[in-house]
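Trainee:
Protein chains in written order, with my numbering: chain P, 20 to 119; chain L, 20 to 119; chain D, 20 to 119; chain H, 20 to 119; chain Y, 20 to 119.
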């Protein structure tokens, strides 16, 4: 999985039928310093993440391992909202600092 | 999934038999600023997308999660035509501006 | 899928048993201008492609979606011989121009 | 698989339900000289690896080939703690030198 | 699949249980000129390859399409020892020249 930050949403009316009801978030991938990488993903949100939150992204068939998603054409999903990232005995990220 | 723009078509007569009837679109991958990336995909079209439209591309086994596609040798599919992309409280793309 | 051009063959006697009878082609990946990219693939040929032809390459599990290939350890296959590529209202490639 | 070094942990309360009980390690990918690459992974730990240890990372569906993980949305796992890496008739890494 | 050259071995005692008995080779990926690329893989050896030999590497779920490997957490395997690579009507590699 990779660290990412939620930046926006993608809306589509005309889509593969099984995608009805799927919420698409545009997330920016983050480096291990917490800086934005050039890469992004449009990911199905299965945890109710909000703009600005740090999340974990699963890609490939891993993104479909969720009730009701196994037969949907998605290859990326937001599977966790991150509380903390600890790195080299320090704290890289703490959700409380960002959202309080 | 990634943002992409439909640029053309690929036609083949001699192909793996299960690919009969599949329409192949050449799509240009887009950055999160909407600019063309150097990468492209030849993707099976399951939504009837047209030249110039912004679409969502699913890759890998996700591209085969569509009625009748599970046993076809495709690794990329156009799975949605995009209406809007909202980013950082602004609008990156609105189909109405492009096609009206 | 990606555009590629057939450049050669790879021969192996000592291999995973299920690979017996599989023909391996070395194909050069092509950019969306038809120029050779630095990347190549060694792909199982399921359509009888010849040296110099433009082909479509499927990768990952998509490469095994062909009669008799589902249990073989391949991750890339030549799944179509390309007739034409049309791009931005022009023709990028026409097999007839190359092979007549 | 790739060589990697365990650098930290990622904690999440709000996550896809099947991820309960999964320990997420942040691992730095290593080059074949043992130097840190720019890429990292957040990987499910199935072997009990500790900070600073060299490990093997499996990605994609391979990361879910472990008792109880087949239906969990993970795409990377720590599947082995490395004892030694031998390269070109020399020793690139020996765990005993690092941890004694 | 990609061309690679066997450079070494990776040994692990503490690993996912189904990996017992799997031999891990460190292989250097090769360009289509036969030069070493910066990328490597740690691959399960299912053909008995030796140091210095040119081999074919399958990655992803393709690496597990071998008797007894379908449920093991591996994402790369050595699936063939290469005899010859022919390219653009010339010979890029002939095992006999290297090992005689």
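The beta-carbon is built from N, C-alpha and C at its ideal position, and this holds for glycine as well.
(1) Assuming residue 97/L and residue 61/L are in contact, meaning their beta carbons sit under 8 Å apart, how far apart are those beta carbons, in whole angstroms?
(2) Which same chain residues end up closer than 6 Å to residue 27/H when comparing Cβ atoms and leaving out the 5 residues on each side of it in sequence?
(3) Residues bridged to residue 43/H by DSSP?
(4) Consider the Cβ of residue 42/L: report whether some Cβ of chain D lies at a distance smaller than 8 Å.
(5) With 16 as the cutoff for other CB atoms within 10 Å, does residue 54/Y come out buried or exposed?
(6) Over the uninterrupted alpha helix (DSSP H) stretch that includes residue 78/L, give me the two end residues.
(7) For residue 55/D, which three-state DSSP category applies?
(8) With 16 other CB atoms within 10 Å as the buried threshold, where does residue 89/P fall?
(9) Output, in chain order, the set of chain P residues within a Cβ distance shorter than 7 Å of residue 101/L.
(10) Cα separation between residue 48/L and residue 109/H?
(11) Going by the CB atoms, is the gap between residue 31/H and residue 100/P shorter than 8 Å?
(12) Return the Cβ separation of residue 2/P and residue 68/P in integer angstroms, given the expectation that the two are a contact with Cβ distance under 8 Å.
(13) I'd like the span of the alpha helix (DSSP H) that includes residue 83/D, first residue to last.
(14) Any beta carbon of chain D sitting closer than 8 Å to that of residue 115/L?
(15) What separation, rounded to the nearest whole angstrom, lies between the Cα atoms of residue 33/L and residue 79/Y?
(16) Check the Cβ-Cβ distances between residue 84/Y and every residue of chain H, and say whether any is below 8 Å.
(17) Between 42/P, 51/P, 37/P, which has its C-alpha nearest residue 105/L's C-alpha?
(18) Kindly list, in the order they appear in chain Y, the residues whose Cβ is closer than 7 Å to that of residue 66/H.
(19) Give the secondary structure of residue 108/D by DSSP, where H, G and I count as helix, E and B as strand, and everything else as coil.
(20) Does residue 50/D get closer than 8 Å to chain Y when you measure Cβ to Cβ?
(21) In its own chain, which residues sit with a C-beta less than 7 Å from the C-beta of residue 94/D, not counting the 5 before and 5 after it?
(22) Closest to residue 58/Y by C-alpha separation, out of 23/Y, 40/Y, 111/Y, 38/Y, would be which residue?
(23) To which residues of the same chain is residue 37/P closer than 8 Å at the C-beta, ignoring the five residues directly before and after it?
(24) Measuring only between beta-carbons, confirm whether residue 74/H sits less than 8 Å from chain P.
(25) What do you reckon, are the CB atoms on residue 85/L and residue 35/P nearer than 8 Å?
(26) Can you say whether residue 51/L is buried or exposed, counting buried as having 16 or more other CB atoms within 10 angstroms of its CB?
(27) Check whether the Cβ of residue 53/D lies closer than 8 Å to any Cβ atom in chain Y.
(28) Should residue 21/Y be flagged as near chain D, meaning a C-beta pair shorter than 8 Å?
(29) Identify the residues that DSSP records as bridge partners of residue 97/Y: which are they?
(30) Contact criterion: CB-CB distance below 8 Å. Does residue 79/H meet it with respect to chain P?
(31) For residue 113/L and residue 107/L, I'd like the C-alpha separation in whole angstroms.
(32) Can you tell me where the alpha helix (DSSP H) with residue 114/Y in it begins and where it stops?
(33) How big is the Cα-Cα spacing for residue 115/P and residue 102/L?
(34) Using a C-beta cutoff of 8 Å, does residue 25/H count as contacting chain P?
(35) Of the choices 111/H, 118/H, 39/H, whose alpha-carbon is the least far from that of residue 70/H?
Mentor: For this structure:
(1) About 11 Å separates the beta carbon of residue 97/L from that of residue 61/L, a gap too long to meet the 8 Å contact definition.
(2) Around residue 27/H, the same chain offers 45 as residues with beta carbons nearer than 6 Å, after the five sequence neighbours per side are excluded.
(3) Paired residue(s): 29/H, 63/H.
(4) Answer no: the Cβ-Cβ gap between residue 42/L and chain D never drops below 8 Å.
(5) Exposed: under 16 other Cβ atoms inside 10 Å.
(6) Careful: residue 78/L lies outside any alpha helix (DSSP H), inside the beta strand (DSSP E) at 73–78.
(7) Collapsing the DSSP output to three states places residue 55/D in a strand.
(8) When all chains shown are included, residue 89/P counts as exposed.
(9) Result: 29, 31.
(10) Straight-line spacing of the CA atoms in residue 48/L and residue 109/H works out to 43 Å.
(11) It is a contact, given that the beta carbons lie within the stated cut-off.
(12) Absent from the model: residue 2/P. The displayed extent of chain P is 20 to 119, so no value can be given.
(13) Looking at the DSSP string, residue 83/D is not in any alpha helix (DSSP H), and its letter there is neither H nor E.
(14) It does not: the Cβ of residue 115/L has no partner Cβ on chain D nearer than 8 Å.
(15) Cα-Cα distance, rounded: 27 Å.
(16) Interface with chain H (8 Å Cβ-Cβ cutoff): residue 84/Y is excluded.
(17) Closest by alpha carbon: 42/P.
(18) Result: 33, 34, 35.
(19) Looking at residue 108/D - three-state DSSP - the assignment turns out to be coil, as it is neither helix nor strand.
(20) By this cut-off, residue 50/D is not an interface position.
(21) Answer for residue 94/D: 78, 79, 82, listed in chain order.
(22) Ranking 23/Y, 40/Y, 111/Y, 38/Y by Cα distance to residue 58/Y puts 23/Y first.
(23) In its chain, beyond the 5 residues on either side, 90, 91, 92 have a beta carbon closer than 8 Å to the beta carbon of residue 37/P.
(24) Among the residues facing chain P, residue 74/H is not included, as its CB has no counterpart in that chain under 8 Å away.
(25) Yes, the pair counts as a contact, with Cβ atoms nearer than the cut-off.
(26) Counting Cβ neighbours within 10 Å, residue 51/L comes out buried, since at least 16 surround it.
(27) Judged by the 8 Å Cβ criterion, residue 53/D is not in contact with chain Y.
(28) Yes, because at least one Cβ of chain D sits closer than 8 Å to the Cβ of residue 21/Y.
(29) Beta-bridge pairing links residue 97/Y to 64/Y, 76/Y.
(30) It does: the Cβ of residue 79/H has a partner Cβ on chain P nearer than 8 Å.
(31) About 15 Å.
(32) Residue range 114–117 is occupied by the alpha helix (DSSP H) that includes residue 114/Y.
(33) The alpha-carbon atoms of residue 115/P and residue 102/L are separated by roughly 34 Å.
(34) Answer no: the Cβ-Cβ gap between residue 25/H and chain P never drops below 8 Å.
(35) It is 118/H whose Cα lies nearest to the Cα of residue 70/H.
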